[in-house]
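Report on the structure given below.
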Amino acid sequence: MAACGRGSLVLAGAAWDWRWMRASHCLLAAAAALTLLLPCHCGAQVGADRGRSRDALAMHNQPQDGAPAGQAEVQGLPQAQFQARPQGQAQAQAQFQAPRKNVWRLSEEPLCHEDVVRLCPKHTWQNNFAVLECLQDVREVDDEISSDCNHLLWNYKFNLTTDPKFEAAAGEVCRITLSEVKECADQEPGKGYVISCLIEHRANITEYQCRQFITKMTAIIFSDYQLICGFMDSCKNDINQLKCGSIRPGEKDVHSQGEVVSCLEKALVSEDKAISDNCKKAILRVAELSSDDFHLDRHLYFSCRDDRERFCEDIQGGEGRVYKCLFNHKFEEAMSDKCREALTTRQKLIVQDYKVSYSLAKACKNDLRKYRCNAENLPRAREARLSYLLLCLESSVHRGRQVSGECQGEMLDYRRMLMEDFSLSPEIVLNCRSEIELHCSGLHRKGRTLHCLMRMGRGDKGNLGQNCQQSLQSLIQETDPGADYRIDRALNEACESVIQTACKHIRNGDPMILSCLMEHLYTEKMVEECEHRLLELQYFISRDWKLDPVLYRKCQGDASRLCHTQGWNQTNEMLPPGAVFSCLYRHAYRTEEQGRRLSRDCRAEIQRILHQRALDVKLEPALQERCIIDLGKWCSEKTDPGQELECLQDHLDDLAVDCRDIVGNLTELESEDIQIEALLMRACDPVIQTYCHELADNQIDSGDLMECLVQNKHQKEMNEKCVVGVTHFQLIQMKDFRFSYKFKMACKEDVLKLCPNIKKKVDVVICLSTTVRNDTLQDNKEQRVSIKCRKQLRVEELEMTEDIRLDPDLYVSCRTDIEKHCQNVPFGNAQVVECLKDLKKVLTTRCHDKIFKLQESEMSDPELDYTLMRVCKQMIKRYCADADSKYVLQCLKQNKNAELMDPKCKQMITKRQITQNTDYRLNPVLRKACKADIPKFCQSVLNNVKDGKELEGQVVSCLKLKYADQVLTGQRLSSDCEDQIRVIIQESALDYRLDPQLQIHCTKEINTLCAEEAAAQEQTGQVEECLKINLLKITAEPCKKEVLNMLQESKADIFVDPVLHAACGLDIKHQCASIQPGKGRQMSCLLEALEDKTVRLQPDCKKRLQDRLEMWSYAARVAPAEGFADLAYQVMASPSKNYLMGLLALGVCILFLLGMTCGRITKRVTRELKDR
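Per numbering that gives the first Met the number 0, the very first residue in the sequence shown carries number 0; after that it's consecutive.
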């Protein structure tokens, strides 16, 4: 059984505690004073209904068996008490000091005696108030008091509260309090307003007797709505209309009279039922007055008695503490449904009127007055709403004003309360009803319904109506979970483990917790449930920049100055979501020349937000709004993190204009600060830490970090994700030159002047490169392209060579060839380009032409040859550090056979030499040196080649033959051309692969006759020597001709015959030391030494020379002269040239002598015939 209202009233102390005795004496005195009062009406006038109600009550008060005489006349009070009259204050005090023996007591009434004995402790029997409290707080169903006793109790309370002299007694007991509280002392007497005023100010009453008196009377009044002064008058019609008055005294336990108030409260907070304004005010007033002690809310008290014992046993009553405790346990599994429903109704009343929360009203009273959050010129309905209070005070907090910690704590509790239960927000209930019923039913507890609606707002689960979306956005602003993640219970519970591991260094409740969670989104530390809750909340926070408290604090000045924003709690409905943030980040990346830049702190915050929001396209309001159609059209299957934006960038040219603009702006922003791409930064962290850490630490990026990543894209620390991300960004940059920040800033003015109306980066690069080349070739004194642009242009050209996809024109031209011939070759490291170069002969015409032009540009500028520069990077530093970039390949060729040359680099140099020898146009040095010689000596070769076809080494072969013939024919090449041809002959003599014509015509012979030599790892002329030795075995005329040409070339200089030169090296030093090399002079010296019997040559040299003579003799026999010049060359080149020349001279002499001696052979013609 209950022990008379546990925990909430003073009378709940121990039976023999001295404090109990003192309180009892005080209350006995007050009760004695009240017994002197005659019953009368609450106000000056009462209605007919009230009179009829009292008549009915009088009829019920007829004497019963065992009842004291005169009970009917005094409506439940003893006759002796009725006849007593006050004789002044002294008499009353005397009466208190010497109470009469026949004082009426509830415990002695036959109607209640049995219940009192059964339910109430014996020490309370002498105190009517203690008995009253004990009986009206009966807990168990089995302990309910009898109907007759209930009726007697109600009459007793009614008489107390309807007596106009009740105020007089209150005036005596609360005399000091009334002198302090002028508001109550000035109330019109006789209408019950004094008591009402004292109850309202009971928290400020310090007078002990008065406080106890008012506390007791409050408990009496709030036990029945009919006892509340004025309540019945204000709500009578509403009670009848809503059928809330079906419970009558005598029909059921009178304690259930609290159900009437509960019925009205439920109607008040319901969107479907209407309550008159007067009754609404009365209901809220009752709720306000019962805000400090949950015993005073009779319906809630009886609904939650067991739950109070279960959850709040140790919570002391008063000041709304029990309410708050029960609110905190509202969604516990053990909470009864009845109590949960009553608590929800109470919370809804608080939403309507914040004063219904005693703790909130008390804690924030001064702050509300200080910051004019309860201004008198505002309508009561608005200023009283919890949402208005929260917005007003939160605005003060965000503006840096001081709000007491106690008030902020209360605000935190009620913001959490609103986020836990959607039903407390009338706008959500009204505007989101269909969405909740369709998608979110059964998710009422712990904020899950709101997160379900948020998920729909993101488009992950159906779609929200516009009104529901706006209501959700307003609720997020009211609760402001961005300031403290704990406000969102669903998020708090889902992310608790992540916070404890990833964000443990941040103070609990700090706004940066959310930022920390965003930084760990899609990482190993993040859990799926937390990820969903976080993105759902961030979706709405991203649509209002004010909901990020750190961003607002650091950028409110800039936003007001640059974006014309209003106060924190003021919303401009004309601005689209995210408009202010878009304005801020546009200014964040302006140059100093453009002016109006953000402050450093604000810029840092903008970068932080951008880095986080880049993880999900839905966190960019403007992007999602403008690209919703394109997202569905092009990117419906791209659901992984970051894929949606990448997809939009890939389809940039196909997007609608508005979407293309916003994607372009965002991509342009990323080019300046690639750290916005958080996923890319995570993937590239090893490379950044090793090679780019200094750039990453800079607050201002300016495109340097991405440039560093591109340059180190193929380091061992680079992983596949980073390579893919960097390459993708490079590919996107090709769509618009603005997407390359450093290129844009360096060349913007040059592009506008020289390449107007060109948008694609590759076209801009070609345009500017062409301009630079033309200015260089024409020796213009002033370059039209600025120095800073030329430097950055060089960087862009080099980057484009790494991947064929970075040259869209080349990629499109060769796509079919790539799919056919290089489908398994990775794109990076220029591997696809190398594959196409190797298979150039089988490529389609269009692709072949593009590859040839690419090779032509690479040979003209070796720095553009990505593979060569990568493979020979270290060798370039060692041997060609001081060489001009255009002559790097020439330098490498000169050092190709150096002892420390890297084998891989040497192999790559040979490959490039082979390419150059296939076509003189791919050898810019040769082309320049032989500019005049090629048309002079090899025009026939040029005439026989069709347009677009490669020369396949024919021009080089032609020049090599002319070099070999010039000794005999006298037709010499120019000195520069001669030098280049000599080098080519020397190089090709060591490696047959450098002679394209030999390779083309002698492939079969090499594979059959010289397979072992061809398989050698390093070529030193073995294959050429093998072909010369096996010349007699060669049957194919084209191959035989090429071998004969080699023999002919070797006559021109011993240096072009590496085998012979190696064998005769010592003999050259001894026998031909004074002979200058070139033009066959050293070869002639060795041949003369061979014929001179007095000269002793080295055996190997002698044998090689003899072999060469035999080869030349055979060559002369098998290769007849094709003309007089060829015949003369063969004669002069023959070992028997002296003999042949002697015979020729003899023949000429004989012919001359015959002519002189024999005369004319023809018949002389007569003069007559001549004159005809």
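No residue lacks a Cβ here, since even glycine has one placed at the ideal position from N, Cα and C.
Query raised in the report: Taking the alpha carbon of R400 as the point to measure from, which residue in D412, E419 and Y370 has its own alpha carbon closest?
Result: Mapped onto the sequence shown, residue 400 falls at position 401. R400 has its Cα closest to that of Y370, out of D412, E419 and Y370.
Query raised in the report: In this structure, does DSSP put K1068 in helix, strand or coil?
Result: If you number the sequence shown from 1, residue 1068 lands on position 1069. Of the three classes helix, strand and coil, the one that applies to K1068 here is helix, per DSSP.
Requested in this report: Over the uninterrupted alpha helix (DSSP H) stretch that includes G556, give me the two end residues.
Outcome: Sequence index remark: in the sequence shown, residue 556 carries index 557 (1-based). Here the alpha helix (DSSP H) through G556 covers P548 to C562.
**Report entry** Rounded separation between F539 and L474 - CA only
**Finding:** As a working mapping, residue 539 is identified with position 540 in the sequence shown. As a working mapping, residue 474 is identified with position 475 in the sequence shown. Computed Cα separation, rounded: 10 Å.
Query raised in the report: In three-state terms, what does DSSP make of S635?
Result: Locating residue 635 in the sequence shown gives position 636, where the first residue counts as 1. The answer is coil: DSSP assigns S635 none of H, G, I, E or B.
**Report entry** Contact set for L1152: own chain, Cβ-Cβ below 6 Å, skip 5 residues either direction
**Finding:** The sequence position of residue 1152 within the sequence shown is 1153, counting from 1. There are no such residues.
Query raised in the report: So, is P548 buried or exposed, given that buried needs 16 or more other C-beta atoms within 10 angstroms?
Result: Taking the sequence shown and counting its residues from 1, the one referred to as residue 548 is at position 549. Its Cβ being crowded by 16 or more others within 10 Å, P548 is buried.
Report task. Locate the alpha helix (DSSP H) running through K935, then write down its first and last residues. Result -> The count along the sequence shown starts at 1 and reaches residue 935 at position 936. First-last of the alpha helix (DSSP H) with K935: D932 to F936.
Query raised in the report: Would DSSP call M416 helix, strand or coil?
Result: Taking the first residue of the sequence shown as 1, we reach residue 416 at position 417. Correct three-state label for M416: helix.
**Report entry** Continuous alpha helix (DSSP H) assignments of at least 4 residues falling wholly in the stretch 300-366
**Finding:** 320-327, 336-351 and 357-362
Requested in this report: Given a cut-off of 8 Å, decide if V870 and K903 are closer than it, judged by their beta-carbon atoms.
Outcome: Translated into positions along the sequence shown, residue 903 becomes position 904. Translated into positions along the sequence shown, residue 870 becomes position 871. Contact: yes.
**Report entry** Three-way DSSP call (helix, strand, coil) for C626 in this model
**Finding:** By one-based count along the sequence shown, residue 626 stands at place 627. DSSP places C626 in helix when its eight states are reduced to three.
Report task. Give the DSSP-derived three-state secondary structure of N1174 in the structure shown. Result -> The structure shown does not extend to residue 1174, since the chain is modelled only from 0 to 1171, so the question has no answer here.
Query raised in the report: D918: which of V955, H328, L283 and P640 sits nearest, CA to CA?
Result: As a working note, residue 918 is residue 919 in the sequence shown. Residue V955 is the option with its Cα nearest to D918.
Query raised in the report: Which of helix, strand or coil does DSSP assign to T843?
Result: The sequence position of residue 843 within the sequence shown is 844, counting from 1. Three-state DSSP puts T843 in coil, outside helix and strand.
Query raised in the report: Pick from C529, F326, G317 and A882: whose alpha carbon is nearest that of D306?
Result: Residue mapping note: residue 306 aligns to position 307 of the sequence shown, counting from 1. Nearest option by C-alpha distance: F326.
Requested in this report: Report the rounded CA-to-CA distance for K1092 versus P1098, giving the unit in angstroms.
Outcome: Stepping through the sequence shown from its first residue, residue 1092 is reached at position 1093. Stepping through the sequence shown from its first residue, residue 1098 is reached at position 1099. So the alpha carbons of these two residues sit roughly 14 Å apart.
Report task. Would you mind giving the Cβ-Cβ distance between L241 and L263, rounded to the nearest angstrom? I have them listed as a contact below 8 Å. Result -> Here the question's residue 241 lines up with position 242 in the sequence shown. Here the question's residue 263 lines up with position 264 in the sequence shown. Rounded, the Cβ-Cβ distance is 7 Å, consistent with contact.
Query raised in the report: G952 and N916: beta carbons closer than 8 Å?
Result: The residue you call residue 952 lines up with position 953 of the sequence shown. The residue you call residue 916 lines up with position 917 of the sequence shown. Going by C-beta atoms, G952 is nearer than 8 Å to N916.
Query raised in the report: Counting only beta-carbon atoms, is S178 nearer than 8 Å to chain C?
Result: Among the chains in the structure shown there is no chain C, since it carries only a single protein chain.
Query raised in the report: Between the beta-carbon of L792 and the beta-carbon of V764, is there less than 8 Å?
Result: As a position in the sequence shown, residue 792 is number 793, starting the count at 1. As a position in the sequence shown, residue 764 is number 765, starting the count at 1. Cβ atoms of L792 and V764: closer than 8 Å.
Query raised in the report: Rounded to a whole number of angstroms, what is the C-alpha to C-alpha distance between D459 and Q468?
Result: Counting from one through the sequence shown, the residue named residue 459 turns up at place 460. Counting from one through the sequence shown, the residue named residue 468 turns up at place 469. Computed Cα separation, rounded: 14 Å.
Query raised in the report: By DSSP, does A963 sit in helix, in strand, or in coil?
Result: In the sequence shown, residue 963 corresponds to position 964, counting from 1. A963: helix per DSSP, three-state reduction.
Query raised in the report: For G461, which residues of its own chain have a beta-carbon under 8 Å away from its beta-carbon, when the five flanking residues on both sides are left out?
Result: In the sequence shown, the residue the question calls residue 461 occupies position 462. So the qualifying residues of the chain are E434, L437, H438 and M455.
Query raised in the report: My guess is that R488 and M418 are in contact by the Cβ rule of under 8 Å, so how many angstroms apart are they, rounded?
Result: Taking the sequence shown and counting its residues from 1, the one referred to as residue 488 is at position 489. Taking the sequence shown and counting its residues from 1, the one referred to as residue 418 is at position 419. 6 Å between Cβ atoms; contact.
**Report entry** Cβ-based burial, C451 [other Cβ within 10 Å; buried from 16]
**Finding:** Walking along the sequence shown from the start, residue 451 turns up at place 452. Looking at its Cβ environment, which holds 16 or more other Cβ atoms inside 10 Å, C451 is buried.
Query raised in the report: D557 and L597 look like a contact to me (Cβ under 8 Å); what is the Cβ gap, rounded to whole Å?
Result: Numbered from its first residue, the sequence shown carries residue 557 at position 558. Numbered from its first residue, the sequence shown carries residue 597 at position 598. Their Cβ separation, rounded to whole angstroms, is 5 Å, which keeps D557 and L597 in contact under 8 Å.
Query raised in the report: For D990 versus Q1016, is the C-beta distance shorter than 8 Å?
Result: As a position in the sequence shown, residue 990 is number 991, starting the count at 1. As a position in the sequence shown, residue 1016 is number 1017, starting the count at 1. Cβ distance not < 8 Å, so D990 and Q1016 don't count as in contact.
**Report entry** Buried/exposed call for A1144, threshold 16 Cβ in 10 Å
**Finding:** For this step, residue 1144 is matched to residue 1145 along the sequence shown. With fewer than 16 neighbouring CB atoms inside 10 Å of its own CB, A1144 falls in the exposed class.
Query raised in the report: With C-beta atoms as the reference, is L891 less than 8 Å away from Y878?
Result: The sequence position of residue 891 within the sequence shown is 892, counting from 1. The sequence position of residue 878 within the sequence shown is 879, counting from 1. The answer is yes: Cβ separation under 8 Å.
Query raised in the report: Which value, in whole angstroms, describes the spacing of the CA atoms of F851 and K759?
Result: For the purposes of this step, residue 851 is taken as residue 852 along the sequence shown, with counting starting at 1. For the purposes of this step, residue 759 is taken as residue 760 along the sequence shown, with counting starting at 1. Going from the Cα of F851 to the Cα of K759 covers about 23 Å.
Report task. Inspect the beta-carbon positions of S812 and K836 and report whether they are closer than 8 Å. Result -> Locating residue 812 in the sequence shown gives position 813, counting from the first residue. Locating residue 836 in the sequence shown gives position 837, counting from the first residue. Contact flag unset, no.
Report task. With a threshold of 16 other CB atoms inside 10 Å of the CB of A93, please say whether the residue is buried or exposed. Result -> Within the sequence shown, the letter at position 94 stands for residue 93. Here A93 scores only 36 on pLDDT, less than 50, and its place in the model should not be relied on; the value that follows carries that caveat. With fewer than 16 Cβ atoms within 10 Å of its Cβ, A93 is classed as exposed.
**Report entry** Distance between E796 and S768 (C-alpha atoms, nearest Å)
**Finding:** To locate residue 768, count along the sequence shown from 1; it is residue 769. To locate residue 796, count along the sequence shown from 1; it is residue 797. Rounded to the nearest angstrom, the two C-alpha atoms are 9 Å apart.
Query raised in the report: Is the stretch 166-181 close to the stretch 115-131, with three or more CB pairs under 8 Å?
Result: no
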